[in-house]
């Protein structure tokens, strides 16, 4: 745990230092490799401005992000602009912890399954089998690679909404391997609400839940919960802006 805390501290301090370099953050935020019309911080600022004069942030077709994300960041920005960089750093830290937890839980399950079926394994394969030290070392490696990944760092520094997408997907994987249907489908719904493409992972969720729960009802429950969360998200968006433009805006 001390190693994980050290790596997280390094990642946080590095991000905090880079966020103080305004010229650098401005340059990074304009790079097409980092920001797109859907994810850039400048477009979020436009969403803020539009929301001050209209309940529909997608009016004028200049903002293509989600309604709820824009509303959340606008509220936080109104409270204190200093909070915004802190939120993006927290997103990366939580995503790192989620990936660490995912790897640890997955390896524990695989190691247990391997030990339960060891008599079925061929002889001479010990070198490629999971060992107890892998349960600690591999999650630590994954956490380090994510929190200190240059692309993850510049995404945070540019305050791109991709940081939220990464967070939702990391939490999705963490809850998926734990077998929690309700929270798994919640984070998948949030990721889908943001960019739509993660909807493809519903197949992965269904298969994994069927494996971990070992019941035929897991398939139906997963689909029902995912649909329920999507209806809730779009319902709240409709109440927020009085239209369903957010469904087609991104």
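Numbering (full-length UniProt numbering), first residue to last: 1 to 250. Just so it is clear, CB atoms sit at the ideal spot from N, CA and C, and this is done for glycine as well. Computed from a predicted model, the values in this text were never measured in an experiment.
Its chain contains 135 as the residues whose beta carbon lies nearer than 8 Å to that of residue 108, once the 5 sequence neighbours on both sides are disregarded; these appear in chain order. By the neighbour-count criterion, in which a residue is buried when 16 or more other Cβ atoms sit within 10 angstroms of its Cβ, residue 177 is buried. With 16 or more other CB atoms across the displayed protein chains lying within 10 angstroms of its CB, residue 194 is buried.
Rounded to whole angstroms, residue 166 and residue 132 show a C-alpha spacing of 29 Å. Between residue 120 and residue 4 a beta carbon distance of about 35 Å is seen, past the 8 Å cut, so the two are scored as non-contacting. In the three-state DSSP reduction, residue 149 falls in the coil class, being neither helix nor strand.
Per the coordinates, the alpha-carbon of residue 12 lies some 21 Å from the alpha-carbon of residue 102. In this chain, the alpha helix (DSSP H) harbouring residue 212 covers 202 to 213. No residue range can be given for residue 122, since it is assigned to no alpha helix (DSSP H) and is classified by DSSP as neither H nor E. For residue 238, the uninterrupted alpha helix (DSSP H) run begins and ends at 217 to 241, by DSSP.
With a cut-off of 8 Å on Cβ pairs, the region 30 to 45 is in contact with the region 152 to 164, counting three or more such pairs. Of 161, 99, 150, 148, the smallest CA-CA separation from residue 138 is found for 99. In the structure shown, residue 79 falls within a helical segment according to DSSP collapsed to helix, strand and coil. Taking the CA atoms as reference points, residue 184 sits about 13 Å from residue 210. Sixteen is the threshold: when 16 or more other Cβ atoms of the shown chains lie within 10 Å of the Cβ of residue 46, as they do, the residue is buried.
Within the same chain, Cβ atoms closer than 6 Å to the Cβ of residue 96 are found at 143, 146, 147, the five residues on either side in sequence being excluded.
Residues of the same chain with a CB within less than 7 Å of the CB of residue 175, apart from the 5 flanking positions on each side, are 183, 184, 187 in chain order.
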